[in-house]
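**Q** Quick note on UniProt numbering: the sequence shown kicks off at 1 and runs consecutively.
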Amino acid sequence: MELWYTEEQTDNVRLSLKVKNHLFSDQSDFQKVDVFETFEYGRLMTLDGLVMVTEKDEFIYHDMIVHTAMAVNPAIKNVLVIGGGDGGTVRELMRYKHIERADMVEIDQMVCDVARDYFPTISGDLDNPRVNLSYEDGVAYMKGKENMYDLIIIDSTDPVGPGEGLFTTEFYTDCFNALTENGILVNQNESPVYEQFAKEAIRANAKLRKIFPIVEVYSAAIPTYPSGFWLFGFASKKLHPINDLQADTWNSFGIKTKYYNTELHKGAFALPSYVKEYIANG
Ligand code: SAM
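#1: Using the Cα positions of Leu80 and Glu2, report the straight-line distance between them to the nearest angstrom.
#2: Using the DSSP secondary-structure output, state which residues sit across from Gln27 in a beta bridge.
#3: Where does Thr121 land, buried or exposed, given buried means 16+ other C-beta within 10 angstroms?
#4: Inspect the beta-carbon positions of Met52 and Tyr259 and report whether they are closer than 8 Å.
#5: Among residues of its own chain, excluding the 5 on either side of Leu93, which ones have a beta-carbon nearer than 7 Å to its beta-carbon?
#6: Expressed to the nearest angstrom, what Euclidean distance is found between the alpha-carbon atoms of Lys237 and Gly144?
#7: So Thr38 packs on Tyr5, CB below 8 Å; how close in whole Å?
#8: Given Gly124, which residues of its chain have a CB within under 8 Å of its CB, disregarding the five upstream and five downstream residues?
#9: Report the three-state DSSP secondary structure of Gln196 (helix, strand or coil).
#10: Determine the closest residue to residue 322 out of Val33, Gln196 and Glu7, with distance taken between C-alpha atoms.
#11: To the nearest angstrom, how far is it from the Cα of Tyr135 to the Cα of Gln188?
#12: Measure the C-alpha to C-alpha separation of Gly83 and Thr157 and round it to an integer number of angstroms.
#13: Return the bridge partner residues of Leu103 from the DSSP annotation.
#14: So, helix, strand or coil for Met45, using DSSP?
#15: Mind checking who Tyr61 pairs with in its DSSP beta bridge?
#16: Need the endpoints of the alpha helix (DSSP H) that Gly138 sits in, please.
#17: Using only the alpha-carbon positions, how far apart do Ala71 and Leu264 sit?
#18: By alpha-carbon positions, which one of Gly254, Phe197 and Lys207 ends up nearest to Val13?
#19: For Gln9, does the count of other Cβ atoms within 10 angstroms reach 16, so buried, or fall short, so exposed?
#20: Pick helix, strand or coil for Gln246, following the three-state DSSP scheme.
#21: Mapping DSSP to helix, strand and coil, what is Ala71?
#22: Closest to Leu151 by C-alpha separation, out of Tyr41, Pro226, Thr89 and Gly183, would be which residue?
#23: Of all the options Leu44, Gln109, Pro159 and Glu146, which has the alpha carbon lying nearest to the alpha carbon of Leu15?
#24: Within the continuous beta strand (DSSP E) that includes Val51, where are the two ends?
#25: Quick check on the DSSP output: the beta strand (DSSP E) that includes Leu179 runs from which residue to which?
#26: Got a sec? Which residues, its chain only, sit under 7 Å from Ser25 by beta carbon, not counting five neighbours each side?
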């Protein structure tokens with residue numbers, strides 16, 4: 001009998017992946033965690049029935065959520081990751097030898113444990129000595145932090161369940177205060193194609209714009225996320241993602257990436273007209 005994983009992306013759209021095995025399933029204190037072995041995308045982790053990572057296309061998301069900011073401020077030394085339990089974001093950060101420390105605040109230990117057991121190519125740096133991993137709510141963690149981080153990456157789930165508080169004005173204000181003078185915040189910003197996601201993305205962006213002087217949106221093509229077209233937010237106190245791009249410095253690091261490069265960087269901030277319109281009206 002054929003086995004399929006089916007995700008209800010909206011009430012009217014589903015994504016199905018043919019599955020070899022259902023390797024893991026458990027309910028944590030926060031969400032249901034599942035791992036499947038798929039035919040096309042390698043191993044897949046879902047949280048509450050939604051795709052988080054697959055072995056085949058995770059490089060796109062993790063390249064874009066890390067290297068884009070690193071190329072705008074290649075001197076970044078202290079980083080905070082909120083969420084990111086699969087470990088892909090800290091794996092990419094650890095490729096920069098000059099990053100001194102990455103604090104990572106993940107609410108759900110089960111996600112990290114499952115990543116360690118089933119996704120060794122993604123989770124390998126969760127126990128890197130430069131990564132300081134704690135299991136707590138990112139919203140509570142951010143309270144009262146000042147001038148601590150050059151980069152904050154919000155590698156969160158969608159704005160429902162435990163991830164909801166990571167899309168609020170209060171939280172973004174705490175992030176602003178926790179950033180250094182050249183600080184950058186990057187967040188995953190949902191898909192513009194389906195209304196329910198687009199609404200959240202626009203709202204999140206409008207909140208960021210109230211707090212940060214520079215806010216831009218960039219995109220990437222991620223096949224297993226709803227619509228395959230995904231947005232990220234870039235917010236900064238001082239640095240503009242295109243005008244301040246340090247392409248030569250970033251390229252001199254010699255970091256070999258499968259998706260990101262400094263040419264694509266410029267293109268990623270050039271948005272389709274309907275997305276620009278959405279954001280402008282947000
Ligand atoms: N790449 C995924 C996507 O966009 O679909 C998201 C990555 S997944 C690793 C997001 C992580 O955020 C999950 O492990 C989840 O447990 C964590 N998370 C959700 N809410 C959180 C919160 N309030 N504080 C810290 N981590 C949180």
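We put the CB at the ideal spot given by N, CA and C, even for glycine.
**A** Short version:
#1: By one-based count along the sequence shown, residue 80 stands at place 80. By one-based count along the sequence shown, residue 2 stands at place 2. The alpha-carbon separation between Leu80 and Glu2 amounts to approximately 42 Å.
#2: Locating residue 27 in the sequence shown gives position 27, counting from the first residue. Answer by DSSP bridge pairing, in chain order: Lys32.
#3: As a working note, residue 121 is residue 121 in the sequence shown. Exposed, since its Cβ has fewer than 16 Cβ neighbours within 10 Å.
#4: The residue labelled residue 52 in the question sits at position 52 within the sequence shown. The residue labelled residue 259 in the question sits at position 259 within the sequence shown. Their beta carbons are not under 8 Å apart, which means Met52 does not touch Tyr259 by this criterion.
#5: On the sequence shown, position 93 is the one that residue 93 refers to. Cβ-Cβ distances below 7 Å link Leu93 to Val66, Val79, Ile99 and Ala102 in the same chain, with the five nearest sequence neighbours on each side left out; the list follows chain order.
#6: Working through the sequence shown from its first residue, we reach residue 237 at position 237. Working through the sequence shown from its first residue, we reach residue 144 at position 144. Rounded to the nearest angstrom, the two C-alpha atoms are 18 Å apart.
#7: Numbered from its first residue, the sequence shown carries residue 38 at position 38. Numbered from its first residue, the sequence shown carries residue 5 at position 5. A Cβ-Cβ separation of about 7 Å places Thr38 in contact with Tyr5 under the 8 Å criterion.
#8: Residue numbering aside, residue 124 sits at position 124 when the sequence shown is read from its first letter. Cβ within range, chain order: Gly87 and Arg91.
#9: Start at 1 with the first residue of the sequence shown, and residue 196 comes out as number 196. Three-state result, Gln196: helix.
#10: Within the shown structure, residues of the chain are numbered from 1 to 282, placing residue 322 beyond reach of any answer.
#11: In the sequence shown, residue 135 corresponds to position 135, counting from 1. In the sequence shown, residue 188 corresponds to position 188, counting from 1. A direct Cα-Cα distance of roughly 20 Å separates Tyr135 from Gln188.
#12: As a position in the sequence shown, residue 83 is number 83, starting the count at 1. As a position in the sequence shown, residue 157 is number 157, starting the count at 1. Approximately 8 Å, taken between the alpha carbons.
#13: Taking the first residue of the sequence shown as 1, we reach residue 103 at position 103. The question names Leu, but residue 103 in the sequence shown is Asp. According to DSSP, which records beta bridges pairwise, Asp103 is partnered with Leu80 and Asn132.
#14: The residue given as residue 45 occupies position 45 in the sequence shown. Strand at Met45.
#15: Numbered from 1 along the sequence shown, position 61 holds the residue referred to as residue 61. DSSP lists no partner for Tyr61.
#16: Residue 138 sits at position 138 when you count from the first residue of the sequence shown. That run of the alpha helix (DSSP H) goes Gly138 to Met142.
#17: Here residue 71 is taken as the residue at index 71 of the sequence shown, counted from 1. Here residue 264 is taken as the residue at index 264 of the sequence shown, counted from 1. For Ala71 and Leu264, the distance between alpha carbons rounds to 12 Å.
#18: As a position in the sequence shown, residue 13 is number 13, starting the count at 1. With distances taken between Cα atoms, Val13 lies closest to Phe197.
#19: Reading the sequence shown from its first residue, position 9 is the one you call residue 9. Around the C-beta of Gln9, 16 or more other C-beta atoms lie within 10 Å, and the residue is accordingly described as buried.
#20: Indexing the sequence shown from 1 puts residue 246 at position 246. Coil.
#21: As a first step, residue 71 is located in the sequence shown; it is residue number 71 there, counting from the start. Three-state DSSP puts Ala71 in a helix.
#22: Here residue 151 corresponds to residue number 151 of the sequence shown, with the count starting at 1. Among Tyr41, Pro226, Thr89 and Gly183, the Cα nearest to that of Leu151 is on Gly183.
#23: Indexing the sequence shown from 1 puts residue 15 at position 15. Closest option to Leu15, Cα to Cα, is Leu44.
#24: Taking the first residue of the sequence shown as position 1, residue 51 is located at position 51. From DSSP, the beta strand (DSSP E) with Val51 extends over Leu50 to Thr54.
#25: As a working note, residue 179 is residue 179 in the sequence shown. Leu179 to Gln188 is the span of the beta strand (DSSP E), which, as asked, contains Leu179.
#26: What you label residue 25 is simply residue 25 of the sequence shown in a count that begins at 1. Taking Ser25 as the centre and dropping the five residues before and after it, the same chain places the C-beta of Asp34 closer than 7 Å to its C-beta, in chain order.
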